[in-house]
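J.:
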Amino acid sequence: MQTAVEAVVFDLGNVLIRWHPHAAIAREVGPEQASAFLAAEDFDFLVWNSRQDAGRGWAEAEALAVASHPHWERAIRAYRRHYEHSLLGPIEDTVTVLEELHGHGIPLFALTNWSAELFPHARERFGFLDLFEDIVVSGDEGVAKPDPRIFATLARRAGRDLAACVFIDDSPRNVAAAREAGMDAIHFTDTGHLRGDLRRRGLPLAPA
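Be aware that the sequence shown starts at 2, since it is given in my numbering, and climbs by one per residue.
1) Is there contact between the stretch 86-94 and the stretch 7-23, where contact requires at least three CB pairs shorter than 8 Å?
2) Rank His122, Thr113, Pro121 by C-alpha distance to the C-alpha of Lys1 and give the top, closest one.
3) Considering only residues of the stretch 17-65, which uninterrupted alpha helix (DSSP H) runs meet the minimum length of 4 residues and lie entirely inside it, listed in chain order?
4) So, are the CB atoms of Ser139 and Asp54 less than 7 Å apart?
5) Among Ser172, Phe11, Pro22, which has the Cα closest to the Cα of Ile136?
6) Per DSSP, which one or two residues make a beta bridge with Phe189?
7) Can you give the Cα-Cα distance for Arg126 and His194, rounded to whole angstroms?
8) If you follow the beta strand (DSSP E) that Ile92 is in, where does it begin and where does it stop?
9) Please list the terminal residues of the continuous alpha helix (DSSP H) segment that includes Val176.
10) Need the endpoints of the beta strand (DSSP E) that Leu230 sits in, please.
11) What are the boundary residues of the alpha helix (DSSP H) that includes Phe168?
12) Taking Arg196 as the reference, give the member of Val98, Ala27, Gly203, Arg28 with the closest Cα.
13) Evaluate Ala27 with the Cβ neighbour count: other Cβ atoms within 10 Å of its Cβ, from every protein chain shown; 16 or more gives buried, anything less gives exposed.
14) Please report the straight-line C-alpha distance between Ile107 and Trp73, rounded to a whole angstrom.
15) Any contact of the stretch 68-83 with the stretch 28-36, i.e. 3+ C-beta pairs under 8 Å?
16) Is it buried or exposed, Met2, if we count other Cβ atoms within 10 angstroms and call 16 or more buried?
17) Jot down the residue ranges of each uninterrupted alpha helix (DSSP H) in the stretch 80-125, minimum 4 residues, whole runs only, in chain order.
18) In angstroms with no decimal places, state the Cα-to-Cα distance between Ile169 and Ala179.
Right, dumping it as structure tokens:
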């Protein structure tokens with residue numbers, strides 16, 4: 002028998018907010034160099050960035066990266082300097098789902114891998130973030146998905162059994178970790194399926 006849903010938990014990046022580092026880096030080094038940097042075999046941008054999501058400060062991160070990869074210094078520093086351009090805008094269909102759930106009084110939470118220093122950019126720009134009762138930001142907690150400790154933090158902050166929460170994330174690793182933590186988790190691949198996935202769980206959304 003399916004547990005009644007008490008709350009819905011959203012990831013933010015590429016679920017509610019389109020994000021890609023290329024636009025920020027290209028502001029300083031141009032699109033071709035930005036693409037080369039992000040595809041570089043000698044520097045893994047996503048792994049490096051994930052350390053900031055887990056709490057490392059940006060000044061330290063940039064200093065270490067520039068020391069080990071001085072030929073990429075402009076691209077490394079460009080990302081944070083022009084960070085607002087990496088936030089490409091809301092994913093409107095998902096925002097509509099969020100707003101409908103809020104309108105029906107469904108408790109809403111967010112669990113996001115995001116640098117504590119950079120998350121204020123999203124707070125200032127996207128008013129729909131105010132619909133969440135709480136947002137767990139990995140950079141503030143010093144631990145990021147898929148580490149099970151951040152799901153324990155979510156349970157404490159939400160004040161609910163994770164088995165009664167539905168989690169939505171675009172990362173298969175994070176979805177698997179959420180399920181391991183006891184959550185019902187939806188792998189978000191596009192906006193087309195999400196409304197139906199939530200309706201099948203008994204949530205009061207209009208048909209597509």
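Think of the CB as a built atom: it goes at the ideal place given N, C-alpha and C, for glycine as much as any other residue. Values in this document were obtained by computation on a predicted structure and should not be read as measured data.
T.: Put simply:
1) The stretch 86-94 vs the stretch 7-23: in contact.
2) The chain is shown from 2 up to 209; residue 1 falls before or after that span and cannot be answered.
3) For the stretch 17-65, the continuous alpha helix (DSSP H) assignments of 4+ residues that do not extend past its boundaries occur at 23-30, 32-39, 46-54, in sequence order.
4) Annotated as proximal: Ser139 and Asp54, with beta-carbon spacing under 7 Å.
5) That would be Phe11, whose Cα lies nearest to the Cα of Ile136.
6) Under DSSP, no beta-bridge partner is assigned to Phe189.
7) For Arg126 and His194, the gap between their C-alpha atoms comes out near 26 Å.
8) No beta strand (DSSP E) contains Ile92, which DSSP labels as neither H nor E.
9) DSSP places Val176 in the uninterrupted alpha helix (DSSP H) bounded by 173-181.
10) This structure does not reach residue 230, given that the chain is present from 2 up to 209, and the question cannot be answered.
11) DSSP places Phe168 outside any alpha helix (DSSP H); the residue lies instead in the beta strand (DSSP E), whose first and last residues are 166-170.
12) If we check each option's Cα against that of Arg196, Val98 comes out closest.
13) Residue burial is scored here from C-beta neighbours: Ala27 has at least 16 other C-beta atoms within 10 angstroms and is therefore classed as buried.
14) Approximately 46 Å, taken between the alpha carbons.
15) Touching, yes, given that three or more Cβ pairs across the two stretches are closer than 8 Å.
16) In this prediction, Met2 has a pLDDT of 45, which is less than 50 and means its spatial position is unreliable; what the coordinates show is noted afterwards. The residue is exposed, with fewer than 16 neighbouring Cβ atoms inside 10 Å.
17) The qualifying runs are 93-104.
18) Going from the Cα of Ile169 to the Cα of Ala179 covers about 9 Å.
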